[in-house]
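Numbering (UniProt numbering) for the sequence shown: 1 to 466.
Notes to accompany the following structure.
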Amino acid sequence: MIAFSEEQATALVTDPGTLKRGRELAAPAKWAALGRTATAAWGECAGSGSQPYRTGIDLTEPAFKCSCPSRVFPCKHGAGLLLLLARQPALAPAGAPPAWLAEWLEKRQVKGAGPAAKAGAPPAPTAPTPTALALGSAAPAPTPAAPSAAQQKREARMQAGAQELETWLLDLMSAGLAELEKRPLAFWESQAARLVDNQLPGLAAALRELAAYPTAGAGWHQRLLARLGEVYLLLRAFQNRAALGPAARAEINQQVGLTLKKDDLLADPATEILADTWVVLGQFSWDENRLTARRTWLRGQHSARYALVLEYSFGGQAFATPLVPGGRYAGELAFYPGLLALRVAPVALAYAGRANPAAAPAGLGFGELLHGYAGALARHPWLREWPVTLTEALPTPLPDGTWLLHHATEPQALPLRLPNEEAGWQLLARSGGQPLTVFGEWNGHTFRLLGSWAESHSGAHNPPAA
């Protein structure tokens, strides 16, 4: 029987208003005709009309159905039912689903057979890991089809935008960085908007990020200069990508904002598809241009491979793939081509229950992290978030309110990136003064904590990320 903890159920409701109203409905008195099978649950919730709202949940994803007029999924009724089952699963007796729910579940099974069938073909052999942007690092690509008129027009706009950005960057460097503290946000935003118009949203996002550097405290000149170098390298690589290998071209396209559609990814016979039982180690969400973006890191229990699911939602809608921290998902992931091949598209995933909260994943020492990150950065110069599980980690407060991670036996210490100082004290309390296993993202400067495991305590914890 599939079950969710209250923490996992809460993580599935991305809209704060829906979560608040769902909590109000997560009371036995609000519900009638409750029931469940091993993979589904249902109930009727009284509303303002004469008929109750029929609410059902396909627990394998989970997915939600409700007869209320809300266009948000899950709606408050779906959220309320999910929370109620997490708190008091015995309230829903086992039984056969009602006809309205059985019909919906059957349609979902038929619809889900499509991508699963596509994924059934044997995966192509894994390509060798690219070692650089060298021309000879990859096998020759098949001859592409002739571009359409629309593609040619888009390519021309992108090249024009890249040339304009190069001129802008060279002018900026000629003038020097000293005056940037006085520049308004419009200085950066106007150029970013032109890049969006020229079909280069990834470069636009990089410029918007740069706008915050001049007000980021001491040492901003050095940090900005380093980031400008990365942007210029990406720009020049984009302008010359026709001379690069397939993996480098795919990576550069992703970096400038040319997203490969999931259908095209699955249709490519060279796409690597890996079946495993995937554990969600951590998540990080942020707001981006009226959208909510989310990174979810998974790790295969058998392959020990990390995988990144990057998704966006608009207006409080649920993310396309309902993944919860600590959840286990059986199925296949398709890896996007690139220099490190971390990002994936879920092909067919089914919720397989919670991971053992007391079983920490295998991890590395701090020295191994730094060595591995250096190698990854050499292959992928635009790498921003490197997933890593660390063992023997001790959180340590500093007098200025910041935190470090010390290793129990190694000399290295890593700056911790936390949402606030309180999160550091909570982590220290959780450790009980003993070493932890932690999971997070290392960017070369700071470690963003996304999950922790204590040997002598009650298992895993996923804190709010900074």
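Even for Gly, the Cβ is constructed at its ideal location relative to N, Cα and C.
Because the structure is a prediction, the values reported are computed rather than measured.
Residue i versus residue j: straight-line alpha-carbon distance, rounded
i: ALA175; j: GLN222; result: 16 Å
i: LEU169; j: PRO89; result: 59 Å
i: THR14; j: ALA243; result: 43 Å
i: LEU390; j: PRO337; result: 27 Å
i: ARG154; j: ALA454; result: 52 Å
i: GLY451; j: ALA150; result: 45 Å
i: THR259; j: ARG343; result: 12 Å
i: TRP100; j: GLY326; result: 32 Å
i: GLN199; j: ASP400; result: 43 Å
i: ALA206; j: TRP286; result: 16 Å
i: ALA378; j: GLN301; result: 28 Å
i: GLN412; j: TRP403; result: 14 Å
i: ALA96; j: GLU106; result: 13 Å
i: PHE238; j: VAL110; result: 42 Å
i: ALA212; j: TRP220; result: 9 Å
i: ARG183; j: GLU209; result: 14 Å
i: ALA345; j: GLY202; result: 19 Å
i: SER67; j: HIS371; result: 55 Å
i: PRO62; j: LEU383; result: 32 Å
i: HIS457; j: ALA360; result: Here the model assigns HIS457 a pLDDT of 49, short of 50, so the residue's position is not dependable, and the following value carries that caveat. If I take the Cα positions, the gap works out to 11 Å.
i: PRO269; j: ALA247; result: 15 Å
i: LEU228; j: GLU410; result: 34 Å
i: ALA218; j: THR292; result: 30 Å
i: THR129; j: PRO395; result: Only weak support is given to the placement of THR129: the predicted model assigns it a pLDDT of 37, under 50, and the value that follows is read from those uncertain coordinates. Cα to Cα, THR129 sits roughly 34 Å from PRO395.
i: LEU177; j: GLN159; result: 26 Å
Presumed contact (8 Å Cβ cut-off) between residue i and residue j, rounded CB distance
i: ARG299; j: LEU281; result: 6 Å
i: GLY375; j: ALA348; result: Rounded, the Cβ-Cβ distance is 32 Å, inconsistent with contact.
i: TYR312; j: PRO387; result: In fact, because the Cβ distance is near 20 Å, the residues do not count as touching under 8 Å.
i: TRP31; j: GLY43; result: 5 Å
i: GLU181; j: PRO214; result: 5 Å
i: LEU195; j: ALA204; result: 4 Å
i: THR18; j: PRO74; result: 7 Å
i: GLY78; j: PHE64; result: 4 Å
i: LEU265; j: ALA334; result: 5 Å
i: GLU385; j: ASN443; result: 6 Å
Boundaries (first-last residue) of the alpha helix (DSSP H) holding residue i
i: ASP171; result: 149 to 175
i: GLY451; result: Unbroken run through GLY451 is the beta strand (DSSP E), 447 to 454; no alpha helix (DSSP H).
i: ARG343; result: Careful: ARG343 lies outside any alpha helix (DSSP H) and carries neither H nor E.
i: PHE238; result: 220 to 239
i: GLU181; result: No alpha helix (DSSP H) contains GLU181, which DSSP labels as neither H nor E.
i: PRO246; result: 246 to 256
i: GLN317; result: Run containing GLN317: none; DSSP gives neither H nor E here.
i: THR215; result: THR215 -> no alpha helix (DSSP H), and no H or E assigned at all.
i: LEU260; result: Unbroken run through LEU260: none, as it is neither H nor E.
i: THR14; result: Note, THR14: premise wrong, no alpha helix (DSSP H); not H, not E.
Contact under 8 Å by Cβ, residue i with residue j
i: LEU12; j: LYS76; result: no
i: ILE57; j: LEU83; result: no
i: ARG328; j: THR277; result: yes
i: LEU449; j: GLY440; result: yes
i: THR296; j: LEU340; result: no
i: THR437; j: ARG417; result: no
i: THR86; j: LEU34; result: Reading the sequence as shown, one finds Ala at residue 86 and not Thr. Their beta carbons are not under 8 Å apart, which means ALA86 does not touch LEU34 by this criterion.
i: ALA94; j: THR37; result: yes
i: LEU224; j: GLN255; result: no
i: ALA393; j: LEU405; result: yes
i: TYR351; j: ILE2; result: yes
i: ALA304; j: ALA362; result: yes
i: LEU414; j: PHE366; result: yes
i: GLN317; j: VAL72; result: yes
i: GLU230; j: PRO381; result: yes
Span of the beta strand (DSSP E) around residue i
i: ASP197; result: Where ASP197 is concerned, there is no enclosing beta strand (DSSP E), although the alpha helix (DSSP H) it sits in stretches over 185 to 197.
i: ALA307; result: 306 to 314
i: ARG417; result: 413 to 417
i: SER285; result: 272 to 288
i: PHE333; result: Inspection of the sequence shows that residue 333 is occupied by Leu rather than by Phe. Per DSSP, LEU333 belongs to the beta strand (DSSP E) from 327 to 335.
i: ALA205; result: Run containing ALA205: none in the beta strand (DSSP E); it sits in the alpha helix (DSSP H), 201 to 210.
i: ALA293; result: 291 to 300
Proximity test, residue i beta-carbon vs the ligand ADP heavy atom, cut-off 7 Å
i: ARG241; result: As presented, the structure is devoid of all ligands, the ligand ADP included, so that no description of it is given.
task = Taking only runs that begin and end inside the stretch 21 to 106, name each unbroken beta strand (DSSP E) of 3 or more residues, in chain order.
result = You should have 31 to 36, 40 to 45, 53 to 58, 63 to 66.
Minimum length 4: unbroken alpha helix (DSSP H) runs contained in the stretch 351 to 436 = Segments of the alpha helix (DSSP H) lying fully in the stretch 351 to 436: 366 to 379, 421 to 431.
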